[in-house]
Structures are given as C-alpha cells and as structure tokens.
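Here the structure comes first, spelled out in structure tokens, and everything after it is commentary.
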Amino acid sequence: MNTLTHEYDIVVVGGGTAGPMAAIKAKERNPALRVLLLDKAHVKRSGAISMGMDGLNNAVIPGHATPEQYTREITVANDGIVDQSTVYAYARHSFTTIEQLDRWGVRFEKDETGDYAVKKVHHMGSYVLPMPEGHNVKKVLYRQLKRARVEITNRIVATRVLTDATGAASGVMGFDCRTADFHVIRARAVILCCGAAGRLGLPASGYLMGTYENPTNAGDGYAMAYHAGAALANLECFQINPLIKDYNGPACAYVTGPLGGYTANGKGERFIECDYWSGQMMWEFYQELQGGNGPVFLKLNHLAEETIQTIETILHTNERPSRGQFHVGRGTDYRRQMVEMHISEIGFCSGHSASGVHVNERAETTVPGLYAAGDMAAVPHNYMLGAFTYGWFAGQNAADYVAGRELPEADAAQVAAERARVLAPLARASGLPPAQVEYKLRRMVNDYLQPPKVTRKMEIGLQRFDAIAEDIGQIRAANPHELMRAVEVMAIRDCAEMAARASLFRTESRWGLYHHRVDYPQRNDADWFCHTHLSKDAAGRMVSHKRAIEPYIVPVAGDDATAYQRLRVGRGQAVHPGTEARPEAHTESRTGLATGLAAA
Ligand SMILES: Cc1cc2nc3c(=O)[nH]c(=O)nc-3n(C[C@H](O)[C@H](O)[C@H](O)COP(=O)(O)OP(=O)(O)OC[C@H]3O[C@@H](n4cnc5c(N)ncnc54)[C@H](O)[C@@H]3O)c2cc1C
1 MNTLTHEYDI VVVGGGTAGP MAAIKAKERN PALRVLLLDK AHVKRSGAIS
51 MGMDGLNNAV IPGHATPEQY TREITVANDG IVDQSTVYAY ARHSFTTIEQ
101 LDRWGVRFEK DETGDYAVKK VHHMGSYVLP MPEGHNVKKV LYRQLKRARV
151 EITNRIVATR VLTDATGAAS GVMGFDCRTA DFHVIRARAV ILCCGAAGRL
201 GLPASGYLMG TYENPTNAGD GYAMAYHAGA ALANLECFQI NPLIKDYNGP
251 ACAYVTGPLG GYTANGKGER FIECDYWSGQ MMWEFYQELQ GGNGPVFLKL
301 NHLAEETIQT IETILHTNER PSRGQFHVGR GTDYRRQMVE MHISEIGFCS
351 GHSASGVHVN ERAETTVPGL YAAGDMAAVP HNYMLGAFTY GWFAGQNAAD
401 YVAGRELPEA DAAQVAAERA RVLAPLARAS GLPPAQVEYK LRRMVNDYLQ
451 PPKVTRKMEI GLQRFDAIAE DIGQIRAANP HELMRAVEVM AIRDCAEMAA
501 RASLFRTESR WGLYHHRVDY PQRNDADWFC HTHLSKDAAG RMVSHKRAIE
551 PYIVPVAGDD ATAYQRLRVG RGQAVHPGTE ARPEAHTESR TGLATGLAAA
C-alpha cells in the first residue's frame, strides 16, 4: 500500500448535501483556491439525498414565516437548549439558499401565482415546502460542482483530521477503499460534512445497513472531530425517528399530513395533534406502544383515491423509491389498511435532533481551521436546507480563513500512527470479521443505551464498549472494502462511548424519549438548562462539562414555551414525563433572560 500526499487549500470531507455546497461556495468566494471534495462513496449518488428528497422540512419563506418565528419554534421544539444565534443565522439565510437551489434547477412546489406552496406540519408555523420532482437534487449539485471546478475524489475514507503544532486543522488522512492506498491530504482548512452517526443502534430488522440514515454515515465525522480536539454538543439528545415497520424509511407524515394523513394508534385514533418529529412526539409514540394501544400506524385509508395517488407519486418515486415495492411485497395498500410504524434505532444527528459537533453561526468548530456542517454539526432540526445553508457558511468562511495562511507541514508522527492504526486489520493473517464485531457492538448499544435510559445499564454498556475495543484489535480485513468496514467499527465504538458518557452526565430527563432517564425522570431546569459539551482532555480522556446557553435573540414566553408538551390529543396540560410533578417553577433561565422556557 502506497502513501500518497496531496496539497490543497481546503479539503471538504463528505460529498452528500452540505459538502458540495461548501465546496462550491468556497470556490465562488475565491476561484483561485484549490478545493478538494472527497467521499467514501461516489459524490454523484452519495449521502442522505442520494435518491432525491421529497421536500424541505424547514423552509423560512417571506410571507409564510419569519426568521424570528422559526427561531422560536425550534427553541421550543428543542426544549430551550439552543444557541439561537445559529438557528437564527440559518433562518435568515434560508430563503437565499432556496432561491439559489431554484436557480440551479431544483423544482419546488408553487401555487398558481408562482408563490412557494408552503405547508403546515410543525406545531406552530408553516415551513414544509414539497419538492415533487426532488429526485434530481444530486444531479443538480454535481453539475454545479463541475461548473465551479471543484476537484472530486471518490472512494476515499477519511479517518483522522491532521493538526499542526498549534492544534489547528491542517488536513486529513484516510485510505482508498478500493486499493487501500493511504492518503495524506495537507490543507489550510478542513470542512467536515460526514452526516449523521447512523450506524449506532441496530435497526429492529437486524440488518446492519438497514438504518434510517444513509449507512455510509457511520459516525466517522463525530469520531474525527472528537480526536481532533473539537467539542461535541448535547450528544445525549439521541435521534429516534418514527419509521415504517421493517422499512428503513420515514412514514412521511410530512408529505401525507397536509393531504389529510396522520399518525394513529391501533384503534385508528389520532393521539398526537402534530406529526412534526420531536422528542415529545416520540415520547407519545412510545407511550402508545407501551400502553397497549399499539402498534402505531400511518393512517391514509380514509382519503380519496385521487389523494392517495398523489401521495404514491411523491413517496414511491423520490427519496426512498423502493417504498412502493416494499408495500407490494408486504401486501399493504394505503387504500385498504393502515401502515404499521415503529421506532427507529438510535443515532446522533443534529439535523433531526440536536446531537452534533459544536459550531457557531460561522460553522466554526472549537478547533481553529476546522469547520462542520450538515447533520453532524449541532444546529438543531437543521435538515437538508440547514445542511445546504451551513455548508454555504462553512465554504465561505473557510475561504476567508485560508487567505494568507501558510500550508502547515504534515506531522510525521501523526501520519505514522494513523497509517499503522488504519491498515492493521489488513496485515492480520486471521481474525474477527468486521461485520461480526459491528453486530455485537450495535446489539450492545441497543441493550444498554436505547431509551428509556437506565443508569446501571449505561454503566455496564461502557464496560462492554471497552471490551469491544479488544475485539477491534483482532479484526481482520480480507480486502480494502472490508478495511473500510473495520475502520467504521472503530468510529461506531467511539460514538457508543460518547453516547453513554453524555447520557450519564445529564442527570435529568429532557427531549421526551430522546433523553428519558428512568432514574432521573424529572426535567430539572435549575441544574440542566444548559448545553453539555463532550471533548477529549489533555490526558486523552473523554470528559463532559456544562456550557451556558447564549442569551436568546428571540424571547419565548407564555403558551408558546410549552407548545410541544401539549401534543397529546385531548390533554391540554403539559405531559412531558416529569413536568407534572415539577416542584416549583423557575422564573428566569441560567442566562438571566426571561425565556419563559425555564418557567415552563
Ligand atoms: C430517510 C431520510 C429522509 C429525509 N427526509 C428529509 C426531508 O424530507 N426533508 C428534509 O429537509 N430533510 C430530510 N432529511 C434530512 C436531510 O436529508 C439531511 O439533513 C441532509 O441531507 C444531511 O446532509 P449532510 O451533508 O449532513 O449528510 P449527507 O448528505 O448524508 O452526506 C454525508 C456524506 O459524507 C460521506 N462520508 C461519511 N463519512 C465519510 C468519511 N469518513 N470519509 C469520506 N466521506 C464520508 C457519506 O458517504 C455521505 O456522502 C432526511 C434524511 C433521511 C436519512
């Protein structure tokens, strides 16, 4: 295996959604820059939107919503734990990003006047914009990448960020999953856009790759950021989504809701007023399953034939086009019966919840020269449009950062250590197959970390994850492709440990099912109205600390503050576990701002 060294101004890791936008915007900012976009898959069809997307979940469009309304909505949906500056920056730029995509050729639904046809799915405002022809998004992006003269390298698995003597990012290392050649990519700035940590839990189907998330997003980005010294935020706020049972796609209440579909219990009754995904929504879903009212279903069988045909046209051609085939195989027809749903495996994903690498509104992490965007960057509920928008911020700001900055030398010790770590499984004559170790690890994740979270179980989980580190030392890869799987298991293990430690640190319950701790069932704003950050300390230990929430830009008060706790149909009062028994309301937040949330 050769070691190949390259030099660039900016290297973008991950060519899914945020990555292409970051690369294009860096080149637009300064066309003289050498920008490399690399992906472990093929950029033409990689990432969460590889087969297109059926809508924008969070479009902030003038005349339909304001940045202030959106910032308030997401603050409430995320139980107040947000740095509003990041959400607000997204919301203010959201329409500019939509207009850019529109000009590039992404088709959005418009009404007869030419206005964007925004739908209401969230609890308070209207932000969902359908993309009935959204299957071509990757094609559109690829064309723009070529036009901007971004250099693209496929099939390279990035494994670690290089850092210079000051601790700043100075490139990435990785290997080719077809040849196992080792690559050292020196760069003045690094942008990580590696998506969610989607292979943390094991799906109920038992298939390693049958995850809700695009399975190439194994958590490498989280592990790389951690080992580079970056702080990760609110990792205990797991991603858990409502899916179609045995199918790794969302039931898509976002698409069906505005057309009259809804989530129902086993009796066909609606039990939540709003199908927008939140921890509280998942809590109500879980209650229905536990309370004898399950299973939970997507109910469409009351709709007119014409409406069902519209739904099928969108859902069976876009995003997850295998869905129609799945229903044929199962013998389910939206017209005749409800479609059974289930709870997904756990993962990290700020795009859907809030667990990610800490970034500010410039997409900067806590490591100089290291930027992050998309599902792995902790801007809550950011979804696809947020990935594009933060990719944009990261590209532009990285282009400014590298101006006048020397290209640092690659640290020979880091390169040697990483080469040895990464290629070790290929050198073993015998050993454990990567898939077996991955299965064992992810089964342990389910056993010990799946909410409701139990302290003793998570402590045992940590012991198991330590033991699996020993198994990892015995993995044998028979070829470069298996080597990729072996290295992914190492990242998944890191994520499992991060998930356990972050969850143990926050000794309260918050975000509905995402962080329900059986031993601490109450929400405790007095002690925990804050972020948690996890990072590697000087001794190489995984440590957590509290970080204050920035003063709010948009105040949240009154009924709004508790809107997401009143999701259950027929119950006007807050129903979050613990809020019923809260001893006493607090009148101000830790920041001193009258947010109303702390008093909720
Ligand atoms: C099933 C599903 C449905 C969704 N529906 C909607 C919707 O309707 N509306 C909406 O707004 N949002 C939706 N989302 C969310 C949206 O798709 C994501 O938020 C967004 O695409 C994330 O972009 P990203 O760039 O962070 O990740 P991705 O687009 O997934 O890109 C990550 C890329 O990184 C690459 N990569 C990972 N690790 C490495 C490595 N070590 N080395 C090199 N490359 C690496 C991967 O191969 C991948 O190409 C959905 C997501 C999913 C999974």
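UniProt numbering puts the first residue of the sequence shown at 1, with every later residue one more than the last.
Where a beta carbon is used, it is the ideal one built from N, C-alpha and C, also for glycine.
Given residue i as reference, the closest of the options once Cα atoms are compared
i	options	result
Val367	Gly167, Gly324, Glu109	Gly167
Met124	Phe297, Ala197, Trp277, Ser344	Trp277
Val402	Gly171, Gly47, Glu109	Gly171
His342	Ser350, Lys536, Phe297	Phe297
Pro480	Leu423, Trp511, Ala264, Ala165	Leu423
Gln239	Met209, Gly257, Gly356, Gly292	Gly356
Val82	Leu567, Val569, Val556	Val556
Leu483	Asn248, Tyr371, Thr179	Thr179
Ala548	Leu289, Tyr371, Asp527	Asp527
Tyr262	His302, Glu288, Gly294	His302
Trp392	Gln287, His381, Glu319, Phe95	Phe95
Asn293	Phe285, Lys299, Leu300	Phe285
Ala223	Phe348, Glu68, Ala251	Phe348
Ala412	Glu73, Val445, Asp164, Gly219	Asp164
Val140	Trp511, Asp115, Leu101	Leu101
Ile152	Cys495, Asp494, Arg143	Arg143
Pro380	His531, Glu28, Arg160	His531
Thr211	Lys299, His6, Glu68, Ile346	Ile346
Collapsed DSSP secondary structure at residue i in the structure displayed
i	result
Leu370	strand
Ala112	According to the sequence provided, residue 112 is Glu. The question's Ala does not apply to it. Three-state DSSP puts Glu112 in coil, outside helix and strand.
residue 601	An answer regarding residue 601 cannot be provided, because it is not within the stretch 1 to 600 covered by the chain.
Asn154	strand
Lys457	helix
Pro480	helix
Pro258	helix
Pro242	strand
Leu385	helix
Pro250	strand
Ser344	coil
Met542	strand
Lys299	strand
Glu7	strand
Met1	coil
Arg566	coil
Gly578	Legend: pLDDT at Gly578 = 42, less than 50; position of this residue unreliable, value from coordinates given subsequently. Reduced to three states, the DSSP call for Gly578 is coil.
Ile314	helix
residue 605	In the structure as shown, the chain begins at 1 and stops at 600. Residue 605 is therefore absent and cannot be evaluated.
Thr17	coil
Leu365	Note that residue 365 is Thr in the sequence shown, not Leu. Three-state result, Thr365: coil.
Ala561	helix
Tyr212	coil
His516	coil
Gln573	For Gln573, the predicted model reports a pLDDT of 41, less than 50, meaning its position is unreliable and no value from the coordinates is stated.
residue 607	Only positions 1 to 600 of the chain appear in the structure, and residue 607 is not among them; the question remains open.
Residues bridged to residue i (per DSSP)
i	result
Gly55	Pro130
Gly174	Ala158, His183
Ala189	Ile10
His533	Ala233, His545
Ala377	Val357
Glu99	Its beta-bridge partners do not exist; DSSP assigns none.
Val35	Ile10
Val43	Val43 is not bridged to any residue.
Ala169	Thr163
Leu432	Ile475
CB-CB length for residue i against residue j, believed under 8 Å
i	j	result
His64	Val118	4 Å
His327	Asn241	Rounded, the Cβ-Cβ distance is 19 Å, inconsistent with contact.
Val255	Asp54	6 Å
Leu432	Ala496	17 Å between Cβ atoms; not a contact.
Gln280	Gln474	Not confirmed; about 43 Å, so no contact.
Asp400	Arg34	That pair is no contact at about 16 Å.
- [ ] Decide if the segment 182–202 is in contact with the segment 375–387; the criterion is three or more beta carbon pairs, one per stretch, under 8 Å apart.
- [x] With three or more CB-CB distances shorter than 8 Å, the segment 182–202 counts as touching the segment 375–387.
Task: Touch test, the segment 198–205 against the segment 462–470, Cβ-Cβ under 8 Å, three pairs minimum - done: As far as the Cβ criterion goes, the segment 198–205 does not touch the segment 462–470, which means the pair count is below three.
- [ ] Evaluate the contact criterion for the segment 30–48 versus the segment 408–420: three or more CB pairs, one atom per stretch, below 8 Å.
- [x] By the criterion of at least three beta-carbon pairs nearer than 8 Å, the segment 30–48 is not in contact with the segment 408–420.
Open item on the list: Quick test of the definition: if touching needs 3 or more C-beta pairs under 8 Å, does the segment 225–237 touch the segment 497–509?
Closed with: As far as the Cβ criterion goes, the segment 225–237 touches the segment 497–509, which means the pair count is three or higher.
TODO: Please confirm if the segment 81–96 is in contact with the segment 351–362, defined as three or more CB-CB distances below 8 Å between the two stretches.
DONE: By the Cβ rule, the segment 81–96 counts as touching the segment 351–362, because three or more pairs are nearer than 8 Å.
Open item on the list: Using a Cβ distance threshold of 8 Å, determine whether the segment 11–20 contacts the segment 33–41, with at least three qualifying pairs required.
Closed with: Using a C-beta cut-off of 8 Å, the segment 11–20 makes contact with the segment 33–41, since at least three inter-stretch Cβ pairs fall below that distance.
- [ ] Determine contact between the segment 100–109 and the segment 127–135, defined as no fewer than three beta-carbon pairs at a distance below 8 Å.
- [x] The segment 100–109 vs the segment 127–135: in contact.
Open item on the list: For the segment 531–545 against the segment 219–229, do three or more pairs of beta-carbon atoms, one drawn from each stretch, fall closer than 8 Å, so that the two count as touching?
Closed with: Yes: at least three Cβ pairs fall under 8 Å.
Open item on the list: Would the segment 20–29 count as touching the segment 142–150 if we require 3 or more Cβ pairs under 8 Å?
Closed with: Output reads yes: the segment 142–150 touches the segment 20–29.
Open item on the list: Quick check: the segment 261–275 against the segment 367–381, are at least 3 beta-carbon pairs closer than 8 Å?
Closed with: Cβ pair count under 8 Å is below three, so no.
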